[in-house]
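To keep things clear, I will list the structure first and then write my remarks on it.
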Amino acid sequence: MLVDLEKAVMLILDQQIVAVPTETVYGLAADATSNIACQRIYDAKQRPTFNPLIIHVANLEQARKYAKFNDDAIKLAEFFWPGPLTLILPRIESDISEFATSKLDTIAIRVPDNKIFQEVLAKTNKPLAAPSANVSSRISPSLAEHVNKSFLGKVPVVDGGKTLYGIESTIIDCTAKEPALLRYGFITEEVVSDLLGKSVKVGTTSEKINAPGLLKKHYSPNCNLRINVSKAEPDEVSINFGDSNLVSAKNFNLSPTGNLTEAAANLYSMLQSAEDFVRWDKLAGIAVAQVPNEKLGLAINDKLNRASYKT
Ligand code: TXA
Ligand code: MG
3 MLVDLEKAVM
13 LILDQQIVAV
23 PTETVYGLAA
33 DATSNIACQR
43 IYDAKQRPTF
53 NPLIIHVANL
63 EQARKYAKFN
73 DDAIKLAEFF
83 WPGPLTLILP
93 RIESDISEFA
103 TSKLDTIAIR
113 VPDNKIFQEV
123 LAKTNKPLAA
133 PSANVSSRIS
143 PSLAEHVNKS
153 FLGKVPVVDG
163 GKTLYGIEST
173 IIDCTAKEPA
183 LLRYGFITEE
193 VVSDLLGKSV
203 KVGTTSEKIN
213 APGLLKKHYS
223 PNCNLRINVS
233 KAEPDEVSIN
243 FGDSNLVSAK
253 NFNLSPTGNL
263 TEAAANLYSM
273 LQSAEDFVRW
283 DKLAGIAVAQ
293 VPNEKLGLAI
303 NDKLNRASYK
313 T
């Protein structure tokens with residue numbers, strides 16, 4: 003169900019949830035200071051309440067009301083915010099609902115770089131909790147229609163077109179001396195470690211919380227998904243990359259020119275479309291060609307690995 007920005011602001015002030023675009027994926031936004039509103043996010047996503055939400059604020063100054071920034075965190079925030087980076091930091095006592103942070107003594111916080119999201123922040127004048135606007139463990143949304151599909155049209159959405167980066171923010175844990183990358187995203191470990199002038203641990207789960215971006219099964223279509231495929235079956239949907247030449251009933255290409263940024267931006271929308279074709283045409287599943295495992299390809303492969311995980 004589409005709503006305009008004014009309506010979205012009203013709904014959030016009324017402690018309701020609204021899907022709002024960010025530069026990464028659509029977020030399921032609600033007033034982070036309201037227990038009821040945060041509970042509504044967990045219910046809609048069917049997400050366990052021990053799995054905390056990212057708090058979105060307008061700028062670094064706002065973020066400093068809720069989190070303790072060390073030197074690394076300040077450097078990262080000044081360089082990348084607004085932008086696709088989430089920082090895990092020690093939490094400061096505040097009016098943020100303990101539901102949003104799952105009663106942890108840390109907080110996940112970011113400043114989104116999207117005009118619509120920033121307007122909602124300004125007009126509600128609230129910190130907003132916003133996980134990706136999809137049912138837990140399923141494909142994330144890069145279009146308003148993906149949100150409608152996920153929640154059967156029951157969650158109001160502000161349509162901001164296709165999201166710029168198409169994959170979730172990079173998560174960096176800055177609570178220890180050595181920063182740790184907890185979730186791959188558009189900002190790579192290399193860039194973070196260059197900026198900070200120190201090494202960054204990769205793929206470590208935080209001690210207290212097993213971030214679901216790091217769960218084995220995540221971002222999954224509701225059908226079979228094969229990855230690193232060199233020969234697709236005729237009754238599959240193929241997703242190619244560059245000059246790979248998988249040929250099936252229906253064929254997509256993440257980036258015909260082999261551009262990883264373009265591929266990341268198309269990843270979820272092509273998985274979403276492929277999932278629809280499999281269902282409509284009763285096909286066997288999705289076959290994805292190999293994507294180079296370097297730079298942004300690390301994030302793409304990380305998502306694909308989890309999406310293809312069989313329980
Ligand atoms: O790009 C994004 O980050 C999107 C847009 C909407 O902003 N949001 C997003 O939120 O991806 P979500 O809830 O789908 O993912 C949040 C991740 C989860 O893996 C969660 O476990 C982790 O952040 N997280 C939240 N608080 C944490 C904490 N205190 N320590 C460690 N991980 C935390
Ligand atoms: Mg998510």
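Going by our numbering, the first residue of the sequence shown is number 3, and it counts up by one from there.
C-beta atoms are modelled at their ideal positions from N, C-alpha and C, and glycine is treated no differently.
Could you spell out where the beta strand (DSSP E) holding residue i opens and where it closes?
{"i": "Thr263", "result": "Per DSSP, Thr263 belongs to no beta strand (DSSP E); it is in the alpha helix (DSSP H), 262-282."}
{"i": "Thr108", "result": "108-112"}
{"i": "Ile174", "result": "172-175"}
{"i": "Ser246", "result": "Unbroken run through Ser246: none, as it is neither H nor E."}
{"i": "Phe254", "result": "252-255"}
{"i": "Arg185", "result": "182-185"}
{"i": "Leu30", "result": "28-33"}
{"i": "Ser240", "result": "238-242"}
{"i": "Ala289", "result": "287-291"}
Could you tell me the alpha carbon to alpha carbon distance between residue i and residue j, rounded to whole angstroms?
{"i": "Asn53", "j": "Ala291", "result": "32 Å"}
{"i": "Pro214", "j": "Lys252", "result": "With a pLDDT of only 49 at Pro214, under 50, the local geometry of the prediction cannot be trusted, and no value is derived from it."}
{"i": "Leu197", "j": "Ile189", "result": "11 Å"}
{"i": "Ile174", "j": "Leu300", "result": "15 Å"}
{"i": "Asn268", "j": "Asp245", "result": "16 Å"}
{"i": "Ile76", "j": "Val149", "result": "33 Å"}
{"i": "Val11", "j": "Asp33", "result": "10 Å"}
{"i": "Ser138", "j": "Glu147", "result": "17 Å"}
{"i": "Asp45", "j": "Ser104", "result": "14 Å"}
{"i": "Gly205", "j": "Ile98", "result": "28 Å"}
{"i": "Thr126", "j": "Arg49", "result": "25 Å"}
{"i": "Asp1", "j": "Pro181", "result": "Nothing about residue 1 can be reported from this structure: the residues present for the chain run from 3 to 313 only."}
{"i": "Lys219", "j": "Gln17", "result": "31 Å"}
Could you work out which residue in the options is closest to residue i when comparing CA atoms only?
{"i": "Asn226", "options": "Ser201, Lys284, Gln48", "result": "Lys284"}
{"i": "Val159", "options": "Leu166, Cys176, Leu145", "result": "Leu145"}
{"i": "Ala31", "options": "Phe71, Leu106, Leu123", "result": "Leu123"}
{"i": "Glu170", "options": "Ala132, Asp16, Lys151, Glu8", "result": "Ala132"}
{"i": "Glu191", "options": "Leu87, Ile19, Cys40", "result": "Leu87"}
{"i": "Ser41", "options": "Lys305, Phe101, Phe243", "result": "The question names Ser, yet the displayed sequence has Gln at residue 41. Among Lys305, Phe101, Phe243, the Cα nearest to that of Gln41 is on Phe101."}
{"i": "Ala69", "options": "Leu89, Leu184, Lys117", "result": "Leu89"}
{"i": "Asn261", "options": "Lys297, Phe279, Arg281", "result": "Lys297"}
{"i": "Val157", "options": "Asn61, Lys9, Lys312", "result": "Lys9"}
{"i": "Asp237", "options": "Arg140, Ala286, Ala276", "result": "Ala286"}
Assuming residue i is part of the alpha helix (DSSP H), what are its boundary residues?
{"i": "Lys312", "result": "Neither: Lys312 is in no alpha helix (DSSP H) and is coded neither H nor E."}
{"i": "Asn230", "result": "It is not in any alpha helix (DSSP H) - Asn230 instead sits in the beta strand (DSSP E) that spans 227-231."}
{"i": "Ser152", "result": "146-152"}
{"i": "Ile169", "result": "Run containing Ile169: none; DSSP gives neither H nor E here."}
According to DSSP, what are the bridge partners of residue i?
{"i": "Pro129", "result": "Its beta-bridge partners do not exist; DSSP assigns none."}
{"i": "Pro92", "result": "Thr108"}
{"i": "Pro23", "result": "Tyr28"}
{"i": "Ile57", "result": "Ile111, Ala131"}
Would you say the stretch 255-267 touches the stretch 227-237, given that touching needs at least three Cβ pairs under 8 Å?
no
Taking 8 Å as the threshold, find out whether the stretch 48-66 comes into contact with the stretch 176-184 through three or more Cβ pairs.
no
Evaluate contact between the stretch 78-92 and the stretch 103-119, counting only Cβ atoms and requiring at least three cross-stretch pairs below 8 Å.
yes
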